[in-house]
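Worksheet: one structure, shown below.
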Amino acid sequence: MSNSILTTHNLTIGYKTSRKTVRCVASDISVSLQAGELVCLLGPNGAGKSTLLRSLAGMQPPIAGEVRLLGENIYKLAPQELAKCLSLVLTEKVDVGMLSAYTLVTLGRYPYTDWWGNLTPEDEAIVTWAIKSVGALYLAQRQVSELSDGERQKIMIARALAQSPIVMLLDEPTAFLDLPRRVEIMQLLRQLAQETNQAILLSTHDLDLALRLADKVWLLTANGILHVGVPEDLVLSGAFADSFRSEGVEFDMFSGEFNLHTSHKGDINLIGEGIASVWTTRALERVGFQVYQGKNDLPISIEVISNSKQFLWKITNNHNTYTCNSLSEIIKFLNLL
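Residue numbering for the sequence shown follows full-length UniProt numbering, beginning at 1 and increasing consecutively.
Here you go:
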């Protein structure tokens with residue numbers, strides 16, 4: 001039995017550029033979101049990720065095809081019914097005035113309240129659960145305007161959770177956050193998908209985190225093709241490298257990282273092991289040197305000497321030996337050769 005929650009069939013998305021002109025962004029999209037699944041929507045700038053999310057949320061009509069939520073055409077659902085099944089978190093900051101974090105989260109229960117907007121004890125319990133689920137109980141009584149970007153994003157996710165949706169769509173939820181907060185939010189969403197059995201789809205530019213945490217990746221290319229698969233399959237197929245290839249940047253399939261093209265300055269034989277050798281290699285490659293180990297016939301060798309108190313680097317060049325106390329000294333020395 002299929003556990004698909006949201007599906008598309010021959011979906012073509014785009015937007016109007018004038019009264020009579022429509023720009024097609026991507027076509028023939030037939031995909032599905034599964035319960036308990038965290039999916040990352042990736043792609044270069046301008047590929048149409050936000051357009052796809054808005055189309056899936058029922059905010060933007062498609063050019064062709066359909067989007068179905070539990071088998072129902074999403075564009076024919078009443079707004080209140082749609083809000084009970086699907087929640088949306090956007091990148092843009094919304095001015096909520098003097099609302100407390102708790103009050104903002106209660107807005108997620110609006111589709112379930114009576115004409116007066118009164119909350120039942122059950123609604124209050126769900127709001128508290130949503131705030132607790134994102135680890136933000138300590139923020140509940142603070143004004144939203146006083147929160148940091150990371151704290152505010154937690155509250156916005158809690159508001160979306162309070163809707164009790166079966167699908168959550170998020171447009172770049174980690175934008176404007178520092179690295180620790182980006183990791184925290186991504187891990188939180190993965191945990192929520194597993195614990196609540198929701199389908200969670202988010203667009204992101206955090207490619208490394210997506211490769212590490214996503215159950216599945218939707219990779220939208222600049223020419224409107226959507227590749228779908230587990231992260232590792234898309235890397236092995238070459239689709240990932242092809243989608244993000246640009247002048248001066250290349251995706252390394254072995255490390256899962258993007259490398260900058262730098263001019264080649266020479267080859268170096270590195271002697272040593274451990275964490276100091278790892279970061280020595282990174283520093284040398286960053287400035288344009290190719291690093292080898294066990295290649296003793298090279299004109300330049302660098303030996304990493306470490307103890308519990310310090311690191312030292314011994315450079316041998318044409319039988320002359322020099323000692324450096326830091327990687328910055330090494331780079332400066334090599335640039336003078």
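C-beta: ideal position from N, C-alpha, C; glycine also. Bear in mind the structure is a predicted one, so any value in this text is a computation, not a measurement.
* **Per-residue burial, W129 [other beta carbons within 10 Å of its own, 16 or more giving buried]** => exposed
* To do: Using three-state DSSP, classify T17 as helix, strand or coil.
  => Coil.
* Take the Cβ of T106 as the centre, count every other Cβ of all protein chains shown within 10 Å, and call the residue buried at 16 or more, exposed below. => buried
* Round the Cβ separation of A214 and V39 to the nearest angstrom and send it over; I've been treating them as touching at under 8 Å. => 6 Å
* Taking 7 Å as the cut-off, does the CB of M168 come closer than this to any heavy atom belonging to the ligand ADP? -> Annotation note on the ligand ADP: not contained in the displayed structure, which lists no ligands.
* **Start and end residues, beta strand (DSSP E) containing Y292** => Y292 -> beta strand (DSSP E) spans 289-292.
* Curious, which full-length alpha helix (DSSP H) runs of at least 4 residues does the region 92-142 contain? -> 101-106, 121-133
* To do: Could you tell me if D297 is buried or exposed, where buried requires 16 or more neighbouring beta carbons within 10 angstroms of its beta carbon?
  => Exposed, since its Cβ has fewer than 16 Cβ neighbours within 10 Å.
* Asked: So, L169 versus L82, is the Cβ gap smaller than 8 Å?
  -> Going by C-beta atoms, L169 is not nearer than 8 Å to L82.
* For H227, which beta-bridge partners are listed by DSSP? -> L219
* I think P231 touches A210, with their Cβ atoms under 8 Å apart; what is that distance to the nearest whole Å? -> Going by Cβ atoms, the distance from P231 to A210 rounds to 7 Å, so yes, they are a contact pair.
* Asked: What three-state label does DSSP hand A78 in the structure shown?
  -> In the structure shown, A78 falls within a coil segment according to DSSP collapsed to helix, strand and coil.
* Asked: Whose CA, out of Q293, D267, V144, E273, lies closest to the CA of G286?
  -> First, the amino acid is wrong: residue 286 is Arg here, not Gly. Nearest of Q293, D267, V144, E273 to R286, Cα basis: D267.
* Asked: Taking C-alpha atoms, which residue in T103, R109, V134, G14 lies nearest to S145?
  -> T103
* DSSP state of N307, grouped into three classes? -> coil
* **Opening and closing residue of the beta strand (DSSP E) in which V89 lies** => 86-89
* To do: Grab me the residues of E37's own chain with a C-beta within less than 8 Å of its C-beta, minus the 5 sequence neighbours each way, in chain order.
  => Around E37, the same chain offers A193, A199, I200, D215, K216 as residues with beta carbons nearer than 8 Å, after the five sequence neighbours per side are excluded.
* Does the pairing of the region 235-254 with the region 274-281 give three or more beta-carbon distances under 8 Å? -> no
* Asked: Secondary structure at R212, three-state DSSP: helix, strand or coil?
  -> Three-state result, R212: helix.
* Whole angstroms is fine: what's the gap from Q141's alpha carbon to R159's? => Approximately 14 Å between the Cα atoms of the pair.
* For A199, the residue or residues it bridges with in DSSP -> V167
* To do: Quick one: grab the DSSP three-state call for M1.
  => Note on M1: pLDDT 42, under 50, position unreliable in the model; the coordinate value appears next. Coil at M1, not helix or strand.
* Counting only beta-carbon atoms, is Q80 nearer than 8 Å to chain B? -> Absent here is chain B; the protein component of the structure consists of one chain.
* Any idea which residues DSSP pairs L189 with across the strands? -> According to DSSP, which records beta bridges pairwise, L189 is partnered with nothing at all.
* **Enclosing alpha helix (DSSP H) for T333 [first to last residue]** => Contrary to the premise, residue 333 reads as Phe rather than Thr in this sequence. Unbroken alpha helix (DSSP H) run through F333: 327-336.
* Asked: Can you name, in chain order, every residue of its own chain whose Cβ lies under 7 Å from the Cβ of F240, other than the five neighbours on each side?
  -> L219, L234, F251
* Residues bridged to D252 (per DSSP) -> E257
* Asked: Among the residues of its own chain, which have a CB less than 7 Å from the CB of H9, if the five just before and after it don't count?
  -> S30, G65, E66
* To do: Go through its chain and collect everything with a Cβ distance to H264's Cβ below 7 Å, but skip five positions before and after it.
  => The beta carbon of H264 sits closer than 7 Å to the beta carbons of G288, Q290 from its chain, once the five residues preceding and following it are set aside; these are given in chain order.
* Asked: Distance, Cα to Cα, A47 vs S203?
  -> 12 Å
* Neighbourhood of G14 by C-beta, 6 Å cutoff - its chain only, sequence neighbours within 5 removed -> V22, R23, C24, V25, I63
* Asked: L207 and L42: beta carbons closer than 8 Å?
  -> yes
* Asked: Buried or exposed: where does S326 fall if 16 or more other Cβ atoms within 10 Å of its Cβ makes it buried?
  -> Counting Cβ neighbours within 10 Å, S326 comes out exposed, since fewer than 16 surround it.
* Residues in its own chain within less than 8 Å of N320 by CB, not counting five upstream and five downstream? -> none
* Excluding five sequence neighbours on each side, which residues of the same chain lie with their C-beta closer than 8 Å to the C-beta of F254? -> none
* Asked: For G117, which residues from the same chain have a beta carbon less than 8 Å from its beta carbon, with the 5 sequence-adjacent residues on both sides left out?
  -> Y110
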